[in-house]
Structures are given as structure tokens and as C-alpha cells.
Amino acid sequence: MAATSTTTSSRPVTPAGSVACCDNGSCHCGGGRPVNLVIGLDVGGTSSRALVADLAGRRVGVGMGGGGNPLSRGVEPAVRAIRSALEQALVGVDPNAVAGNVIGAAGFGSRSPAHGALGEMWSDLGLPGSPVIGGDAEVAFASGTADLDGSVLISGTGAVASHFVDGMEVGVADGLGWLLGDHGSGFWIGREAVRHCLGLAYAPDGVLAPAVAQALLGRPDATRSDLIAATYSAAPVRVSELARAVVTAQEAGSVAAASILTAAADKLVETLALVRAPGAQTVVVLAGGMLQTAHLRAGVRGRVAARWPGSVIARSGSGAAGAAWLALRRLGVDLPLSQHATLTAAP
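Throughout the sequence shown, residue numbering follows the UniProt record's numbering, covering 1 to 347 in sequence.
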């Protein structure tokens with residue numbers, strides 16, 4: 001039985017960490033200094049993306065760094081990656097003009113060493129206020145829709161489903177990390193691929209096994225002992241990267257790879273059903289790198305459409321832009337829906 005769990009919360013959207021000096025979309029601080037920018041950050045296990053936008057919802061700067069999840073990368077490498085993305089996005093920007101921010105990230109709990117390191121880096125860059133951790137699901141949902149009600153299903157390095165009512169996250173399923181959950185995620189898919197190679201789950205088809213061995217060991221032929229040793233010695237994020245080999249093998253006609261991706265689609269929609277009521281017709285946003293791949297996305301879309309007929313199924317846009325949109329909303333800036341589409345258009 002899948003080790004998926006659910007929790008419920010009623011987390012309000014709050015302006016903590018913002019510069020509280022905005023009124024009706026116009027921001028000024030002490031001495032009349034204009035503050036007319038927001039920062040959005042989308043931090044994942046694979047990459048970190050930053051975006052600076054003005055109060056009209058227009059992009060001012062963008063940046064990208066490596067994986068910023070402190071749980072999978074370590075605190076110092078994660079904060080360095082986030083800093084790199086921020087520094088790129090802030091080129092030519094006065095840090096004092098920043099009125100607010102939202103960071104979609106996991107692993108930065110308020111009492112964690114990672115949270116303290118992030119705050120120190122923030123101050124070191126001369127940015128006002130403090131980092132606002134908004135949650136990766138909240139940011140992903142905002143990147144795909146301007147609606148306040150609906151669900152988001154994410155499959156990237158990890159996997160999670162969340163449901164929102166009036167802009168508040170009221171239900172969460174999975175998101176438990178590679179050891180306890182993340183069913184249907186990149187890690188789950190990568191692990192299933194290794195199991196296929198070991199003959200524990202799927203009958204070998206001659207396509208997937210060499211691809212996985214090549215990705216994991218740098219050669220297409222590997223013994224059972226080699227694969228076991230390499231998998232156990234690899235960091236979890238390294239196992240999740242094997243999902244790329246599964247996608248490539250499926251595109252090359254691998255029946256085993258297609259079976260793994262089909263099973264992943266089943267797992268993901270089961271997770272979504274834990275937070276989304278039967279008969280719900282609010283929007284469903286599909287997000288994360290794995291749900292950008294054709295076979296898995298099609299499998300999930302079909303299952304969502306069959307289970308919740310009438311629901312709009314949207315693809316996520318730029319996660320960093322979704323975070324910036326949330327930062328604007330927290331400042332009370334009211335922009336037209338058309339601007340949401342323009343701001344969040346990927347990349």
C-alpha cells in the first residue's frame with residue numbers, strides 16, 4: 001500500500017516579509033522612496049529560478065541557478081544556487097526598490113539552519129524585508145492560473161498535490177520526500193527503472209536496461225551488483241535524474257518504460273484524489289518537470305478528465321513568475337487576468 005498521507009491546513013495569504021507601504025498598487029516608503037518591484041523565486045531540487053517584476057506585472061530581470069533544495073543538495077550549495085539566480089535577476093536593479101517577495105521552496109522551515117542561511121544571504125544582497133517562503137505547491141498553482149480555487153498536481157524531483165479555496169491551501173497529499181512518499185515523481189520513476197534492470201518489477205525489453213545503466217554508470221552493460229551498489233551510493237536527486245532515461249526509452253518504443261510511466265500516472269492521480277472532492281469542477285494545474293513530458297502528461301490529463309469531468313486542466317507556467325504574482329497579490333496589487341498570462345508565460 002502506498003505510503004501517501006494527507007494533512008489539512010488553513011494557511012492565509014499574509015504579507016510577512018514585505019515592505020508594508022503600498023496602497024492601491026502604488027508603493028512608497030519612508031521619505032517618499034519608491035518601491036516598485038517584487039521578487040519571485042521557484043526553488044526545486046534540480047534548478048532555482050528568480051524573476052523580478054514591476055507593479056504592472058512586467059518582467060524586469062530573470063536568473064537561474066542550480067538545485068536549491070537544502071534537503072537534497074545541502075544547505076550551503078542550495079543557498080549558493082539561490083543566490084546565483086537572484087544575482088542574475090537583480091543586475092541593474094536597485095535592491096531598495098523591492099517591495100515584496102515570495103519564494104516557492106521546500107526545506108526552509110522557520111527553525112531550520114537553511115532558513116537562517118537564506119536570511120543571511122538575503123541581507124547580504126542588500127534586499128529589504130525578509131524572505132517569504134510560500135511553498136512550492138502554492139507557487140506552482142499561481143503559475144498556472146489566477147483563480148483562487150482549484151488544485152495543483154506536481155511531479156518533478158518529488159511529487160505532491162494541494163487544493164486551494166479562496167487562495168488558501170486547505171489540503172495536501174504526499175510531498176513526503178523520497179524515503180516516505182513522492183509517488184509518481186522523478187525519484188519514483190528512476191527507482192522503478194532500476195528495479196526493472198534488476199528484474200524485480202518489469203520484464204526486460206532490451207531498451208530501458210542499457211539506457212539506465214548508461215545513465216547511472218556511464219556504460220550500457222552492468223552487472224546486478226554494479227547497479228545495486230551504484231544506486232545505494234547515489235544521492236536521491238541522482239536517482240530522480242534516471243527518469244530522463246525512462247522518458248527517452250519510452251519515446252524509443254520501450255514497453256517497460258511506458259509501463260513505468262503509466263503506473264506513475266496512476267499514482268499521481270490517486271494522490272490528487274486525496275485532496276480533490278469527487279465532482280469538483282475547479283481548475284487543475286499540472287506542474288513539475290515530469291508532467292512536461294508527453295507520455296506522463298497525457299496519462300495524467302486523461303485520468304483527471306475522466307475522474308473530474310468538466311474541470312479545466314491547465315499547464316503550469318513560469319514558477320518564478322507565479323511566485324512574483326503571489327508577491328503582487330500580497331501587496332494588494334490588482335492586475336487584469338491577461339497580465340497573469342503574460343507574466344507567467346514560460347520560460
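By construction, the Cβ of each residue, glycine as well, lies at the ideal position given by its N, Cα and C atoms. Being a predicted model, the structure only gives us computed values, none of them experimental.
Check whether residue i and residue j have beta carbons under 7 angstroms apart
| i | j | result |
| --- | --- | --- |
| Leu-55 | Asn-69 | no |
| Ala-50 | Ala-320 | yes |
| Val-52 | Gly-66 | no |
| Ser-264 | Trp-308 | Reading off the sequence shown, one finds Ala at residue 264, where the question assumed Ser. The answer is no: Cβ separation not under 7 angstroms. |
| Leu-127 | Pro-95 | yes |
| Ala-85 | Ser-48 | yes |
| Val-75 | Ala-117 | yes |
| Arg-303 | Val-333 | no |
| Ser-162 | Ala-137 | yes |
| Ala-159 | Gly-190 | no |
| Gly-119 | Leu-71 | no |
Cβ-based burial, residue i [other Cβ within 10 Å; buried from 16]
| i | result |
| --- | --- |
| Asp-42 | buried |
| Gly-156 | buried |
| Val-285 | buried |
| Arg-224 | exposed |
| Arg-330 | buried |
| Glu-251 | exposed |
| Ser-254 | buried |
| Asn-24 | A caution first: Asn-24 carries a pLDDT of 48, below 50, which makes its placement in the model unreliable, though a value can still be read off. The residue in question, Asn-24, is exposed, as its Cβ has fewer than 16 Cβ neighbours within 10 Å. |
| Gly-30 | In this prediction, Gly-30 has a pLDDT of 46, which is less than 50 and means its spatial position is unreliable; what the coordinates show is noted afterwards. Under this definition Gly-30 is an exposed residue. |
| Ser-233 | exposed |
| Glu-192 | buried |
| Val-91 | exposed |
| Arg-73 | buried |
| Ser-151 | buried |
| Ala-235 | exposed |
| Gly-199 | exposed |
Cβ shell of residue i (< 8 angstroms), same chain only, five flanking positions each side left out
| i | result |
| --- | --- |
| Ala-87 | Note on residue identity: the sequence assigns Glu, not Ala, to residue 87. Within the same chain, Glu-87 has close Cβ partners Gly-63, Leu-125. |
| Val-194 | Val-212, Leu-216, Leu-227, Thr-231, Val-239, Leu-242 |
| Val-283 | Gly-144, Thr-145, Asp-147, Asp-149, Gly-150, Ser-151, Ser-311, Val-312, Ile-313, Ala-314 |
Beta-carbon contacts of residue i that lie in its chain and below 6 angstroms, excluding the five residues immediately before and after
| i | result |
| --- | --- |
| Ala-346 | Gly-317, Ser-318 |
| Leu-328 | Val-38 |
| Asp-166 | Leu-148 |
| Ala-213 | Pro-220, Ala-222 |
| Arg-297 | Leu-291 |
| Thr-342 | none |
| Arg-58 | none |
| Ala-256 | His-196, Tyr-202, Asp-205, Leu-208 |
| Met-121 | Val-79, Arg-83 |
| Leu-335 | Gly-57 |
| Leu-337 | Ala-146 |
Beta-carbon contacts of residue i that lie in its chain and below 7 angstroms, excluding the five residues immediately before and after
| i | result |
| --- | --- |
| residue 416 | In the structure displayed, the chain extends from 1 to 347; residue 416 sits before or after that span and is not available. |
| Gly-218 | none |
| Thr-344 | Ser-143, Gly-317, Ser-318, Ala-321, Gly-322, Trp-325 |
| Gln-339 | Gly-57 |
| Gly-299 | Leu-261, Thr-262, Ala-265 |
| Gly-109 | His-115 |
| Arg-315 | Gly-144, Leu-286 |
| Ala-305 | Ile-313 |
Next on the checklist: Does the structure place the stretch 267 to 278 close enough to the stretch 245 to 252 that three or more beta carbon pairs sit under 8 angstroms?
Outcome noted: no
Item to check | Touch test, the stretch 169 to 187 against the stretch 228 to 241, Cβ-Cβ under 8 angstroms, three pairs minimum | outcome: yes
Checklist entry - Can you find at least 3 beta carbon pairs, one from the stretch 288 to 295 and one from the stretch 147 to 166, that sit closer than 8 angstroms? => result yes
Checklist entry - Can you give, in chain order, each stretch of the alpha helix (DSSP H) that sits fully within the stretch 150 to 207 and has at least 4 residues? => result 177 to 180, 186 to 197
Next on the checklist: Please give the ranges of any beta strand (DSSP E) in the stretch 30 to 104, keeping only runs that are unbroken, at least 3 residues long and fully inside the region.
Outcome noted: 37 to 43, 47 to 54, 59 to 66, 98 to 104
Checklist entry - Counting only runs that start and end within the stretch 224 to 255, where is the alpha helix (DSSP H) found for 4 or more residues in a row? => result 224 to 233, 236 to 240, 243 to 251
Item to check | alpha helix (DSSP H) runs wholly inside the stretch 255 to 288, at least 4 long, in chain order | outcome: 255 to 273
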